[in-house]
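Step one of this worksheet: look at the structure below.
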Amino acid sequence: MKIDFEKLSGNNSVDTLLHPREIFSALPEKNDEKFAYPRDVQTEVWNKWFKNKDDKNLVIKMNTGSGKTVVALLILKSCLNENKGPAVYVLPDPYLVRQALREARELGIETTDNPQDPNFRRGNCILITSIYKLINGHSKFGVGEIQIEIGSIVIDDVHACLDTTEEQFTLKIPVTSDLFSKMLNILKQGLDSQSSTKLLELENGDPNANMLVPYWHWNDNIPAIRGLLFEYYKHFLTQKEKDRDYESLFFVWPLIKEHLELCNCVFGSDFIEISPKYNIIDAFPSFMEANRRVFMSATLSDDSILVSHFDVPSDAIKSSITPDSSNDIGDRMILVPQELNSTIDNDSFKNYIKEISTQYNTVVIVPSNYRAKYWEDIADRILRSDSLYEGVEELKSKHVGLVVLVNKYDGIDLPGNACRILIIDGLPDVRRKIEKFEEGALQGSQMVLQNKIQKIEQGMGRGVRSRDDYCVVFLMGNSLVNELYVKDAIRKFTPATNTQLHISQQLSKQVIAHGFELDNLTDLIHYSLTRDKDWVKASKGALAQVKYNPDNSISEIVVKERAAFNQALNRQFQKSASLIQEAINTTGDNKVKGLLKQHLAEYYYFFDKVQSQQILTSARELNRQILSPIEGIQYEKITNLFHSQAQNLKGFYNDVFNNPNKFILSLKSIVEKLVFQPETAPAFEKAMKDLAFYLGFNAQRPEFDFNKGPDVLWAVGNLNFFVIECKNGAITEKINKKDCNQLNGSINWFTNEYDNSCIQIPILVHPSNIFEHASSPHQMIRIITTEKLNLLKAHIFEFAKALTNGNTIQDLNQVNRLINYFDFTPQKFIEKYTTSFTVSS
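All residue numbers in the sequence shown are consecutive under this note's numbering, ending with 1261.
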């Protein structure tokens, strides 16, 4: 038996050296074939970390595939050698934990995945664990007290950890539980005060019906709510066979029970969601009191989440540790099919992708299960959370074909042949109900755009995992393309991604100049996939000039809001209100300002209920998508058209676009949403409103903006109006009585709000034009059926192309001629694109 006496004497240099680079070189059991020497970027980061290692909070940014895991493990090994343990390496999910454990074994670094391991507790090895095990209501590290001490901690892929951290503070009560109905009974009056119609839809199972309980009604009922939640929590603890409906209550209740008054409550038809305005992260003192905390990310273009979600002081993370240059990223050719040829539609591109996937592993990232169905008929695999690990391992080991990932933009590695072609299909969805409410309130704002771009960039990084890796990335979907080009979101990408986009666009311009068809796409992508020397030289050469920006980007609004929440945790509500007022003063965006004023009103409610309602009333003047005050809101009549239809359309084009490509791309993203499809009502209604402006009309969404009236109202000139109810999610063969009554109610609403000089034409969007026998439809009603909607969509495209041909849209006579030719005058619109109805006998 051979004994290593150096280990007994404690003189092993691996356990005494402090600089990570020196420890790496001294590791005696590492896989020398894989880890012969560290990469330059790793050494650069280690050097900078070592100079600042005694700072409590540090941010490290390295591109995907540059060896972050090795960097993290060696940093923690250095901390152990300096007696700054115990040391914890935190990753987003169990799959990445297994991967990091394997890499640690290949390095010869001692690790464990057991928080109770004595070697970890003594500071002799590194604990590798998931964020879920660190942050939950029954964490082994302690909730409200330290049960397991942490000396040094690295949180890797911090953005991927974000969703899990939010989920751990989010209590979900399913509609199938008794608790749901009891909560609804307590809070129903508050929901009804916001919108009787939405409450009716919620109670009837409408998947789009999400309602935020008004803060005053929530707070006034907290004693009853607290008692109810505690009763069910106790019951769950005593159950032998645990009811899965209350698992969320078990894990989340310990985290929020003392601060229910600082929580949002959102009802949906599927579950209730209760969550604090910000994570109560100080519930985990072992994390908060760690001596060294390192946050690592590849795509942290907005660092505000470190403040909002982990309560890191903003002045402690003003800059990041980065490599000297940003050329450590793999090679990506980034293409937009609609940019190459605007006539390429989703179906033809989808068929092309299926064909190319027979040669290369192809991964499609979709935002939802619903969108996954679009690929279902050609996909070889659809991977969700329960099948992710096995699916990714299969991709790494062999050719699989076309694989769809559902809402997985981060936290997975697809190196080499595992993914040579990557498609980002559409815009990412938000997950939590409160985020859906806030996204609706901030629709079109830079804050929402920033979050979506960050997700997209994370997704784009899945296919290149080292500097020598390469992948072709397609950005697909009219909504995504509209955000990138029309709203100029491209500039929000990190410098390396922007550089790769730029060089790919230069390539695309040359291709377009020669006339591009879908059949030419294979030749184009083969420049990357076959490693054409000229492409590689140009791509690598462009990246060589790119530098990381070490300055962190932190929103002043987030800093103020987080500070306000921390004051509220200490019941210093007036200080909270002062901080929110400071946040309001930093922005000129009315949507953002309106939502912030709602937050201000929430804090005011704790010490001045009357002023709280006054603040909320003024907030509604800035943003109609926030809560309505107790006394309700006054309907604001739609602005009548003062110019001709042609003049309005020309003015809209010049004011908003003044560019034919942006006009077409924006219209495409609208028309894409005009489909008869369940669970798409909000997007359809907004698209129906937006379409009016492309025809030279004016429009609003009264039910959405004022909680009363039709889904959409068009002002079409000469005091004529289209009162539109949208039932694009209907699956019945006939129009039911409920939908009929809703439109009849909107007809009455119009009569009450507008005088006799105004003429209304009620329109129902529904697949059928036949009312069921029990219905009593108003005689004026017209129907936009599936056939009529498809005709409208086809003609609006032809109309837009004609308008943007040359300088046509600047010639009012030509614009007017096209409006008449395509039957888009008010009267012709009704005749051409709507139909009459019948009532079944």
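Just so you know, even glycine gets a beta-carbon here, dropped at the ideal spot from N, CA and C.
Values in this document were obtained by computation on a predicted structure and should not be read as measured data.
Can you check the stretch 943-1031 for any alpha helix (DSSP H) of at least 4 residues that lies completely inside it and give the ranges in chain order? Here the runs fully enclosed are 953-964, 976-989, 993-1004, 1010-1024.
Since V672 contacts L591 with CB under 8 Å, what's their CB separation in whole angstroms? The pair is a contact, with the Cβ atoms about 4 Å apart (cut-off 8 Å).
Given a cut-off of 8 Å on the beta-carbon distance, is the pair I754 and L822 in contact? Not a contact, by the Cβ cut-off of 8 Å.
If I measure Cβ to Cβ from S734 and keep anything under 6 Å in the same chain, skipping five residues before and after, which residues do I get? Cβ within range, chain order: V727, I974, V979.
At the level of alpha carbons, what is the spacing between F425 and P705? Bear in mind that a pLDDT of 49 at F425, under 50, signals an unreliable position, so the model cannot answer this.
Start and end residues, alpha helix (DSSP H) containing F1104: According to the DSSP assignment, F1104 belongs to the alpha helix (DSSP H) that extends over 1101-1114.
Find out if the Cβ-Cβ distance for the pair S899, L847 is shorter than 8 Å. Using a Cβ distance threshold of 8 Å, S899 and L847 count as a contacting pair.
Straight-line gap, H1193 to C1160 (C-alpha atoms, nearest Å): For H1193 and C1160, the distance between alpha carbons rounds to 11 Å.
Since L1211 sits in a beta bridge, which residues does DSSP pair it with? For L1211, which the question treats as bridged, DSSP gives no partner whatsoever.
If you count every other CB in all the chains shown that lies within 10 Å of the CB of M1200, and 16 or more means buried, which is it? Per the 10 Å Cβ criterion, exposed.
Between the Cα of S689 and those of F600, N639, K468, spot the shortest distance and give me the residue it belongs to. When only C-alpha atoms are compared, the closest one is F600.
Do you know whose CA, among C683, E814, L622, T658, lies nearest W636's CA? The option with the nearest alpha carbon to W636 is C683.
C-alpha distance - A644 paired with Y1024, whole-angstrom precision: If I take the Cα positions, the gap works out to 22 Å.
Near S1048, which residues of its chain fall below 7 Å by C-beta distance, leaving aside the five closest residues on each side in sequence? Hits under 7 Å: Q614, R1040, N1127.
Test item: CB-CB of F656 and F670 under 8 Å: In this structure, F656 places its C-beta atom within 8 Å of the C-beta atom of F670.
Ignoring anything shorter than 4 residues or poking outside the stretch 591-676, list the alpha helix (DSSP H) runs there in chain order. For the stretch 591-676, the full-length alpha helix (DSSP H) segments reaching 4 residues or more read 598-614, 616-623, 635-640, 642-658, 667-676 along the chain.
Leaving out five residues before and five after F1242 in sequence, what residues of the same chain have Cβ atoms less than 6 Å from its Cβ? Counting only Cβ-Cβ distances below 6 Å, and skipping sequence neighbours, we find H1215, F1219.
Quick check: the stretch 943-958 against the stretch 742-749, are at least 3 beta-carbon pairs closer than 8 Å? In short, these stretches do not touch, since the Cβ pair count stays below three.
Chain-order list of residues whose beta-carbon lies under 6 Å from that of I802 (same chain, five-residue window excluded): For I802, the CB contacts under 6 Å within the same chain, skipping 5 residues up- and downstream, are A792, V824 in chain order.
Spatial neighbours of D731 in its chain, beta-carbon cut-off 6 Å, leaving aside the 5 residues before and after: For D731, where only same-chain residues beyond five positions count, the Cβ hits under 6 Å are I701.
Among N1176, E1056, R518, whose alpha-carbon lies nearest the alpha-carbon of V387? Nothing in the structure corresponds to residue 387, since the chain is present only between 421 and 1261.
From the DSSP output, which residues share a beta bridge with W795? According to DSSP, residue pairing for W795 in a beta bridge does not occur.
When you compare each of E526, L1115, G562, M896 to E453 by their alpha carbons, which one comes out closest? Residue E526 is the option with its Cα nearest to E453.
What number of angstroms, rounded off, separates the C-alpha of A1150 from the C-alpha of D626? Take the alpha-carbon of A1150 and the one of D626: they are about 11 Å apart.
Under 8 Å Cβ to Cβ from F1072, same chain only, skipping five residues before and after it: list those, please. Around F1072: F1113, Y1114, G1116.
Any idea what DSSP makes of K476, helix, strand or coil? Coil.
Exposed or buried, which one is A933 when buried takes at least 16 other CB atoms within 10 Å? Counting Cβ neighbours within 10 Å, A933 comes out exposed, since fewer than 16 surround it.
Cβ pair count under 8 Å reaching 3, the stretch 535-543 against the stretch 458-468: No, because fewer than three Cβ pairs between the stretch 535-543 and the stretch 458-468 fall closer than 8 Å, the two stretches do not touch.
Can you name the residues that DSSP bridges to C683? P696.
Can you grab the Cα-Cα spacing for the pair F1244 / T1254, in whole Å? For F1244 and T1254, the distance between alpha carbons rounds to 12 Å.
Select from K1017, I694, T489 the residue whose C-alpha is nearest the C-alpha of Q588. The option with the nearest alpha carbon to Q588 is I694.
Would you say N1225 and L1085 are within 8 Å of each other, going by their C-beta atoms? Not closer than 8 Å, so no.
Give the secondary structure of P1098 by DSSP, where H, G and I count as helix, E and B as strand, and everything else as coil. In the structure shown, P1098 sits in coil (DSSP, three-state: anything other than H, G, I, E or B).
When you compare only the Cα positions, how much space is there between W795 and S768? About 12 Å.
For the beta strand (DSSP E) containing Y772, list its first residue and its last residue. Not the beta strand (DSSP E): Y772 falls in the alpha helix (DSSP H), residues 766-776.
Report the rounded CA-to-CA distance for L815 versus C839, giving the unit in angstroms. Each residue's Cα considered, the two are about 7 Å apart.
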